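Take a look at the structure set out below.
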Amino acid sequence: TQLLEQSPQFLSIQEGENLTVYCNSSSVFSSLQWYRQEPGEGPVLLVTVVTGGEVKKLKRLTFQFGDARKDSSLHITAAQPGDTGLYLCAVPNAGNNRKLIWGLGTSLAVNP
Amino acid sequence: KAGVTQTPRYLIKTRGQQVTLSCSPISGHRSVSWYQQTPGQGLQFLFEYFSETQRNKGNFPGRFSGRQFSNSRSEMNVSTLELGDSALYLCASSVQGAASGYTFGSGTRLTVV
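The structure is reproduced here in structure tokens:
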């Protein structure tokens with residue numbers, strides 16, 4: 005059983021559409037990180053959210069940490085082909101925060 | 004500043020052989036972590052080194068080992084390769100470990116045949 009459940013697993017949309025992907029768990033986290041990974045490359049850190057209810061924006065990307073710090077969402081406005089990639093959420097391991105626990109990711113394809 | 008450098012990018016090995024992967028972290032980063040990524044399991048933690056000491060180890064067999072040098076460069080070794088070891092091996096560099104966020108290298112794609 006995955007500690008972090010990401011949904012949807014796959015998403016294929018047209019350029020200009022909006023979308024939201026989710027990262028859910030039954031556990032409470034001290035913080036949560038979002039990464040994007042392009043084919044053949046390592047993940048790139050997008051944002052870290054720490055406070056329950058926190059909202060962070062990165063250009064057309066909006067990240068929200070749930071009030072109870074158990075879940076997070078990533079909303080993309082007017083998606084572009086450059087947004088294509090695997091979106092991963094990760095949290096510090098509760099017993100030992102020197103490693104991250106990862107979701108399996110949402111694979112996003114934005115078609116021109 | 005230079006990013007995280009992993010070599011080689013691609014590797015094909017035969018079952019039973021051993022392999023050594025290399026990682027040079029960002030200058031000033033003393034923490035280097037290694038992850039294995041496969042489609043079915045996602046990213047799984049292998050180990051972390053900080054100032055030449057292994058701080059943390061994941062649930063992998065003893066065939067997987069690593070080390071860190073005084074210049075923070077790190078290597079991981081896999082002995083007696085199995086087909087199931089085929090994966091993308093990622094090195095992550097950070098100032099103080101996972102909670103502060105990682106900078107990843109491009110990875111080494113290992114294929115065991």
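In order, the protein sequence lines correspond to chains A and B. For what it's worth, this note's numbering labels the leading residue of the first sequence as 5, then goes sequentially. For what it's worth, this note's numbering labels the leading residue of the second sequence as 4, then goes sequentially. Beta carbons: idealized from backbone N, C-alpha and C, even for Gly. All values derive from a computational prediction rather than experimental measurement.
Neighbour list for residue i in chain A, Cβ cutoff strictly below 9 Å
{"i": "B/PHE107", "result": "TYR39, GLN41, GLU45, GLY46, PRO47, VAL48 and LEU49"}
{"i": "B/GLY110", "result": "GLY44, GLU45 and GLY46"}
Under 9 Å from the C-beta of residue i: neighbouring residues of chain B
{"i": "A/LYS63", "result": "Ordered by position in chain B, no residue passes the 9 Å Cβ test against A/LYS63, which lies about 19 Å from the chain."}
{"i": "A/THR52", "result": "ALA102, SER103 and GLY104"}
{"i": "A/SER16", "result": "In chain order: nothing, as chain B lies at least about 18 Å away."}
{"i": "A/SER111", "result": "In chain order: nothing, as chain B lies at least about 10 Å away."}
Run of the beta strand (DSSP E) containing residue i, from where it starts to where it stops
{"i": "A/LYS60", "result": "59-62"}
{"i": "A/VAL54", "result": "Note, A/VAL54: premise wrong, no beta strand (DSSP E); not H, not E."}
{"i": "B/ILE29", "result": "Taken as a continuous stretch (DSSP letters only), B/ILE29 belongs to no beta strand (DSSP E), as it is neither H nor E."}
{"i": "B/SER103", "result": "No beta strand (DSSP E) contains B/SER103, which DSSP labels as neither H nor E."}
{"i": "A/SER11", "result": "9-11"}
Where residue i sits in the DSSP three-state scheme
{"i": "B/SER75", "result": "coil"}
{"i": "B/SER2", "result": "Because chain B is modelled from 4 through 116, residue 2 of chain B falls outside the range shown and cannot be assessed."}
{"i": "B/SER97", "result": "strand"}
{"i": "A/PRO85", "result": "helix"}
{"i": "A/SER76", "result": "strand"}
{"i": "B/GLY19", "result": "coil"}
{"i": "A/ALA98", "result": "coil"}
{"i": "B/GLY65", "result": "coil"}
{"i": "B/GLY45", "result": "strand"}
{"i": "A/LEU65", "result": "strand"}
{"i": "A/LEU23", "result": "strand"}
{"i": "B/ARG12", "result": "coil"}
{"i": "A/LEU104", "result": "strand"}
Cross-chain neighbours of residue i in chain B, by beta carbon under 8 Å
{"i": "A/GLY107", "result": "GLY45"}
{"i": "A/LEU104", "result": "LEU46, PHE48, ALA101 and TYR105"}
Beta bridge counterpart(s) of residue i as assigned by DSSP
{"i": "A/ARG40", "result": "A/VAL48 and A/TYR91"}
{"i": "A/VAL3", "result": "Any property of residue 3 of chain A remains undetermined from this structure, which presents chain A solely from 5 to 116."}
{"i": "B/GLU51", "result": "B/SER36 and B/ASN59"}
{"i": "B/GLU85", "result": "According to DSSP, B/GLU85 bridges with nothing at all."}
{"i": "B/VAL116", "result": "Paired residue(s): none; B/VAL116 is not in a bridge."}
Contacts of residue i in chain A (Cβ-Cβ under 7 Å)
{"i": "B/SER25", "result": "None at all; the shortest Cβ gap to chain A is about 15 Å."}
Within chain A, partners of residue i - CB distance below 8 Å
{"i": "B/ARG58", "result": "ARG102"}
{"i": "B/GLU51", "result": "ARG102 and LYS103"}
{"i": "B/SER54", "result": "Correct list: empty, because the minimum Cβ distance to chain A is about 13 Å."}
Partner residues on chain B for residue i, Cβ-Cβ distance less than 7 Å
{"i": "A/SER30", "result": "Within 7 Å Cβ-Cβ: nothing; A/SER30 doesn't reach chain B, min ~18 Å."}
Hey, is the stretch 55-64 of chain A in contact with the stretch 104-113 of chain A, meaning 3+ C-beta pairs nearer than 8 Å? no
Is there contact between the stretch 5-22 of chain B and the stretch 86-98 of chain A, where contact requires at least three CB pairs shorter than 8 Å? no
Check whether the stretch 43-52 of chain B touches the stretch 20-32 of chain B, taking contact to mean three or more Cβ pairs, one atom from each stretch, closer than 8 Å. no
So does the stretch 70-88 of chain A actually touch the stretch 28-43 of chain A, counting three or more Cβ pairs closer than 8 Å? yes
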